[in-house]
Amino acid sequence: MALNIAIGGDHAGFTYKSMVKAVLEGLGHQIKDFGPHSDASVDYPDHVHPLANAVASEEVDYGILICGSGNGVAITANKHHDIRAALCWKPELAKLAREHNNANVLCIPARFVSEDVAREMVKVFLSTGFEGGRHQTRVDKIEAC
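Taken in order, the sequence shown gives residues 45 to 189; the numbers are from this note's numbering.
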């Protein structure tokens, strides 16, 4: 099933973003690119906030954010209501983020994972469902008061 995927990040993730877009296109998904559109230095929140808004409003199904460490984009995205952004560096973490946390944004640390690992994480993240049940109870408690 084709999904609508938002993608974005910062200049350190630009090369991986291009590679991930090719993976997504190969899987038949639609892509909304929130930038950056080059490897010139940018302030990642300028790209993350619009992407997180698109995911939270269900304009897109999922988001993928890529930066050098993955931390800045994850922290920024998680400031948004209804966003559960997961920083992952192994496919197993991407799988658990979906199964147990119903993560809707995958954050990839481009400086710390290979392109092959990044490709596999994207595939696993998008093909794994949320288990619900006891995990739903926990997810319901995440939102701050």
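Glycine included, C-beta positions come from ideal geometry on N, C-alpha and C. The model shown is predicted, which means the values in this text are computed figures rather than measured ones.
For residue i, the first and last residue of its enclosing alpha helix (DSSP H)
i	result
residue 166	159-171
residue 68	58-70
residue 119	115-121
residue 141	135-145
residue 95	89-100
residue 183	178-184
Residue i - containing beta strand (DSSP E), residue span
i	result
residue 76	74-77
residue 131	129-131
residue 149	149-153
residue 112	Here residue 112 belongs to no beta strand (DSSP E), and DSSP marks it neither H nor E.
Candidates the options, of which the one nearest residue i by Cα
i	options	result
residue 142	173, 131, 134 and 114	173
residue 102	87, 188 and 47	47
residue 108	71, 83 and 65	65
residue 89	182, 111, 178 and 183	111
residue 91	51, 162, 133 and 186	51
residue 54	70, 62, 69 and 86	86
residue 171	73, 57 and 188	73
residue 80	71, 68 and 58	58
Exposure label - residue i; buried when at least 16 CB within 10 Å
i	result
residue 125	exposed
residue 123	exposed
residue 147	buried
residue 78	buried
residue 31	Outside the shown range of the chain (45 to 189) lies residue 31, about which nothing can therefore be said.
residue 61	buried
Contacts around residue i, its chain only, beta-carbon distance under 6 Å, and the 5 residues preceding and following it disregarded
i	result
residue 151	109, 114, 117, 118, 129 and 131
residue 95	50, 52, 78 and 107
residue 135	164, 165 and 168
residue 144	179
Contacts around residue i, its chain only, beta-carbon distance under 8 Å, and the 5 residues preceding and following it disregarded
i	result
residue 69	75
Contacting residues, own chain, Cβ-Cβ under 7 Å from residue i (five flanking each side not counted)
i	result
residue 133	153, 156 and 157
residue 127	96, 99, 100, 121, 148 and 149
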